[in-house]
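Student: Below: one structure in structure tokens.
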Amino acid sequence: GENVEQHPSTLSVQEGDSAVIKCTYSDSASNYFPWYKQELGKGPQLIIDIRSNVGEKKDQRIAVTLNKTAKHFSLHITETQPEDSAVYFCAVITQGGSEKLVFGKGTKLTVNP
Amino acid sequence: DTEVTQTPKHLVMGMTNKKSLKCEQHMGHRAMYWYKQKAKKPPELMFVYSYEKLSINESVPSRFSPECPNSSLLNLHLHALQPEDSALYLCASSHPTRPSTQYFGPGTRLLVL
């Protein structure tokens, strides 16, 4: 089955710096790559997603890049703010007719004021 | 509106109790999901309902019994749970035209004593 590796597991940055989280996947047929943000005590919130026919997508301070050849995608957060502190999960949709999300293990991001 | 609601927020139950978790969405989504999330882990898929029919059961023990009474509601009936079943139970839903894009509720924090 699909395997998703996410790095780093923890990331600490100063307010205003950039943060980058990387994920790799194993199934070359996968074609949908969402990122979720989960704050303490809350459910995961979809923050950005990308499909395989696009190499990059940006939404204000967050962006996602996809390299299908290398089978990896990354989340970029610029001008980080304390409210960006959360656990971030990458995910991949497996193929074969079922809409099953396979998640990475998560990255705990801490933005220090 | 991308809101999925879940009740109750917190639940404490003994191993002999019967309880139910409820999930509701009014976004016209026709796929609904139950996930289990342990602390510091990603969500794990339990069940998928598509057009009110169970389409995926990830080999979940029979002490968890899902039900989808209509297109807006999803229940998870709990009976004879074990302490290791304590976790955050998340509901999610997705639209028929974009089944990959799943929106999560805030979860029910379950403690089994």
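First to last, the sequence lines map onto chains A and B.
Just so we're aligned, residue 253 is where the first sequence starts under the numbering used here, counting upward by one.
Just so we're aligned, residue 231 is where the second sequence starts under the numbering used here, counting upward by one.
Built from N, CA and C at the ideal position, the CB exists for glycine as well.
1. In chain B, what lies closer than 7 Å to A:Pro296 by C-beta?
2. Using a threshold of 7 Å, state whether the C-beta atoms of A:Glu331 and A:Arg303 are closer than that.
3. What are the start and end residues of each continuous beta strand (DSSP E) run of 3 or more residues lying completely inside the region 237-279 of chain B, in chain order?
4. Tell me the DSSP secondary structure of A:Asp217 in three-state form.
5. Check whether the Cβ atoms of B:Ala261 and B:Pro329 lie closer than 7 Å to each other.
6. So if DSSP puts B:Asn300 in a beta bridge, which residue, or which two residues, is it bridged to?
7. Would you please verify whether the beta carbon of A:Gly358 is less than 7 Å from any beta carbon of chain B?
8. Taking B:Ser302 as the reference, which of B:Lys266, B:Ser280, B:Arg339, B:Pro273 has the closest Cα?
9. Hey, is the region 253-262 of chain A in contact with the region 337-347 of chain A, meaning 3+ C-beta pairs nearer than 8 Å?
10. Applying a beta-carbon distance threshold of less than 7 Å, which residues of chain B neighbour A:Tyr284?
11. Below 8 Å, how does it come out for the region 322-336 of chain A and the region 237-253 of chain B: are there three or more Cβ pairs, yes or no?
12. Whole angstroms are fine: how far does the CA of A:Gln266 sit from the CA of B:Cys286?
13. Under the assumption that B:Gln267 contacts B:Ala317 (Cβ atoms under 8 Å), give the Cβ distance between them as a whole number of angstroms.
14. Residues of chain B with CB under 8 Å from A:Ile329, in chain order?
15. Measure how close the beta-carbons of B:Val290 and B:Leu311 come, nearest whole angstrom, since I'm counting them as under 8 Å.
16. Out of A:Gly268, A:Ser280, A:Ser270, point me to the one whose CA is closest to A:Ala322's CA.
17. A:Asp301 bridges to which residues according to DSSP?
18. Give the secondary structure of A:Glu335 by DSSP, where H, G and I count as helix, E and B as strand, and everything else as coil.
19. In whole angstroms, what separates the C-alpha of B:Asn247 from that of B:Arg293?
Tutor: Judging by the given coordinates:
1. Contact of A:Pro296 with chain B by beta-carbon distance below 7 Å involves Pro273, Phe334.
2. no
3. 240-243, 248-255, 261-267
4. A question about residue 217 of chain A goes unanswered here, because the residues of chain A that appear run from 253 up to 365.
5. yes
6. B:Leu303
7. yes
8. B:Ser280
9. yes
10. Ser330
11. no
12. The amino acid at residue 286 of chain B is misidentified as Cys; the sequence shows Ile. Distance between the alpha carbons of B:Ile286 and A:Gln266: 43 Å.
13. 6 Å
14. Simply none; closest approach about 19 Å.
15. Not a contact, Cβ separation roughly 12 Å.
16. A:Ser280
17. A:Pro286
18. In the three-state scheme derived from DSSP, where H, G and I count as helix and E and B as strand, A:Glu335 is classed as helix.
19. Whole-angstrom Cα-Cα distance: 11 Å.
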